[in-house]
Amino acid sequence: NAGVTQTPKFQVLKTGQSMTLQCAQDMNHEYMSWYRQDPGMGLRLIHYSVGAGITDQGEVPNGYNVSRSTTEDFPLRLLSAAPSQTSVYFCASSYSPTGLNTEAFFGQGTRLTVV
Amino acid sequence: AQSVTQLDSQVPVFEEAPVELRCNYSSSVSVYLFWYVQYPNQGLQLLLKYLSGSTLVESINGFEAEFNKSQTSFHLRKPSVHISDTAEYFCAVSDKPGGSYIPTFGRGTSLIVHP
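Residue numbers (the working numbering), protein chains in the order written: chain A, 1 to 115; chain B, 1001 to 1115.
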């Protein structure tokens, strides 16, 4: 049971490049989400999903795309990287209909630098 | 929309002294409340949670938090801190069943324990 796995751990992009941050969970959670963490700003919600095929925008969605084709995977796509997207990105999952957990479980994060 | 306010961005304290990290939330519905801890260069780990029942909840490493509905607060306390408690602490709120399990986070409080 690996929990929430994010790849890569570190990435440097040039302005204008695109890339996908990967996130996978093996807890059969229905809810998955992406946050970005910036100094003094806490964690801000980018996009989230309440089940396969269903996604919605969070607080700071511009410049990012998501899809949820399976329960396990929730990739985050940066369409055209900008320096303002330099941040630490966290994927989280929560809520199994057959379980008692109510809290979110987090991956170890992806540290992204856009130059 | 929910919001979480952590009143202190940084709390310096000496080892073995007591500490309180303050958290207030704004929500018109019944909520779940959480405290997460983030050690340097790591992801977020659940410290404790309030779902229902007793308003005082405890963690395994000596932290406790009290849910105060009238003051919409969920302050975190520890009677005697250790150097190893140095970390970033995040308060979070999510709706109870029927709402979203996607938590909203405060901006975080950096607890710095000095020897």
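By construction, the Cβ of each residue, glycine as well, lies at the ideal position given by its N, Cα and C atoms.
Residue(s) in a DSSP beta bridge with residue i
i, result
"Q6(A)", "C23(A)"
"C1091(B)", "W1035(B)"
"P1012(B)", "I1112(B)"
"G42(A)", "D38(A)"
"E72(A)", "Answer by DSSP bridge pairing: none, since E72(A) is not bridged."
"H1082(B)", "Answer is none; H1082(B) lacks a bridge partner."
"G48(A)", "According to the sequence displayed, residue 48(A) carries Tyr and not Gly. Y48(A) pairs with S33(A), D56(A)."
"R77(A)", "T20(A), N65(A)"
Enclosing beta strand (DSSP E) for residue i [first to last residue]
i, result
"R36(A)", "31-38"
"R111(A)", "110-114"
"N28(A)", "Looking at the DSSP string, N28(A) is not in any beta strand (DSSP E), and its letter there is neither H nor E."
"E1064(B)", "1064-1068"
"K14(A)", "Here K14(A) belongs to no beta strand (DSSP E), and DSSP marks it neither H nor E."
"S1045(B)", "The residue you asked about is not Ser; residue 1045(B) is Gln in the sequence shown. Residues 1044-1050."
"F1074(B)", "1073-1078"
"R68(A)", "Careful: R68(A) lies outside any beta strand (DSSP E) and carries neither H nor E."
"F90(A)", "87-94"
"N1024(B)", "1024-1026"
"I54(A)", "54-57"
"L1056(B)", "1056-1058"
"S1003(B)", "1003-1005"
"L946(B)", "Residue coverage of chain B in this structure runs from 1001 to 1115, which leaves residue 946(B) outside it and unanswerable."
Whole-angstrom distance between residue j and residue i, CA atom to CA atom
i, j, result
"T55(A)", "Q1042(B)", "27 Å"
"F105(A)", "S67(A)", "19 Å"
"Y1089(B)", "P39(A)", "13 Å"
"Y31(A)", "G58(A)", "13 Å"
"V1011(B)", "A1017(B)", "12 Å"
"F10(A)", "R111(A)", "5 Å"
"M41(A)", "A82(A)", "19 Å"
"D26(A)", "Q1071(B)", "38 Å"
"S18(A)", "L45(A)", "20 Å"
"H1114(B)", "G51(A)", "45 Å"
"S1073(B)", "D1085(B)", "22 Å"
"T113(A)", "T86(A)", "5 Å"
"F1014(B)", "V1037(B)", "19 Å"
"F1105(B)", "S1009(B)", "13 Å"
"G3(A)", "A92(A)", "10 Å"
"G16(A)", "Y1039(B)", "32 Å"
"S80(A)", "T5(A)", "24 Å"
"F1067(B)", "L1047(B)", "15 Å"
"A1087(B)", "V12(A)", "26 Å"
"H1082(B)", "G109(A)", "26 Å"
Integer Cβ distance of residue i from residue j, believed to fall under 8 Å
i, j, result
"H47(A)", "S94(A)", "That belief does not hold up - the Cβ atoms of H47(A) and S94(A) are roughly 15 Å apart, past 8 Å."
"F90(A)", "L1056(B)", "Not confirmed; about 29 Å, so no contact."
"R1107(B)", "Q1002(B)", "So it is not a contact: roughly 14 Å between Cβ atoms."
"L1111(B)", "V1004(B)", "That belief does not hold up - the Cβ atoms of L1111(B) and V1004(B) are roughly 17 Å apart, past 8 Å."
"Q37(A)", "V115(A)", "Rounded, the Cβ-Cβ distance is 19 Å, inconsistent with contact."
Review point. Are the segment 1100-1107 of chain B and the segment 1050-1060 of chain B in contact at 8 Å, needing three or more beta carbon pairs?
Key: no
Exercise for review: State whether the segment 52-67 of chain A contacts the segment 1019-1026 of chain B, with contact taken as three or more CB pairs (one from each stretch) at a distance under 8 Å.
Suggested key: no
**Study point:** At least 3 beta-carbon pairs within less than 8 Å: the segment 1026-1040 of chain B vs the segment 1081-1096 of chain B
**Key:** yes
Point to revise | Sufficient close CB pairs (3 or more, under 8 Å) joining the segment 19-39 of chain A to the segment 66-83 of chain A | key: yes
Check your understanding: Can you find at least 3 beta carbon pairs, one from the segment 1055-1068 of chain B and one from the segment 1078-1087 of chain B, that sit closer than 8 Å?
Key -> yes
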